[in-house]
Amino acid sequence: MIETQWYLLLSAGVFSIGLLGILLRENALIYLMSVELMLNAANVNLVAFSLQHGNLTGQVFALFGMALAAAEVAIGLGIILVLYRNFETIDVTVPTTMRW
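In the working numbering, the protein residues as written are 14 to 113.
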């Protein structure tokens, strides 16, 4: 059986990659994928602690996290489509105001 600290190390690595994607890139699709990585890192933590404590609460919360991630992708892709239609780019630094 894999010990919990390895799950935490994996989660920290995945979360760090997601955080670097948000901080270093300007592409909206990269933003979405980075947020997904960060949410999945949180889910790995929830499942690891659930496994360690022997109850299913963390796994249920991970399931809610996955549903939240799916909703986030649906809304995010809609925003990216509108961004591309209006500015013809998905660079998040181009739109500076909410009106055009």
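Ideal Cβ positions, reconstructed from N, Cα and C, are used throughout, including at glycine.
Check, Outcome
"Pick from Asn68, Ala54 and Phe100 that is closest to Phe28, judged by C-alpha positions", "Ala54"
"Rounded Cβ spacing between Asp104 and Glu49 (contact assumed at less than 8 Å)", "Not really, about 20 Å apart at Cβ, beyond 8 Å."
"Stretch pair the region 82 to 91 + the region 60 to 72: three plus CB contacts closer than 8 Å", "no"
"Secondary structure of Asn40, DSSP reduced to three states", "strand"
"Beta-carbon gap between Leu59 and Thr17 smaller than 9 Å", "no"
"Cβ neighbours of Ala41 in the same chain (closer than 7 Å, five flanking residues each side left out)", "Ile93, Leu96, Ile103 and Val105"
"Opening and closing residue of the alpha helix (DSSP H) in which Ile88 lies", "Thr70 to Phe100"
"Buried versus exposed, by CB contacts within 10 Å (16 or more), Leu4", "With the chain covering 14 to 113 only, the question about residue 4 has no answer from this structure."
"C-alpha gap between Trp19 and Val57, whole angstroms", "11 Å"
"Option in Ala83, Ser24, Met51 and Ala87 with minimal Cα separation from Phe62", "Ser24"
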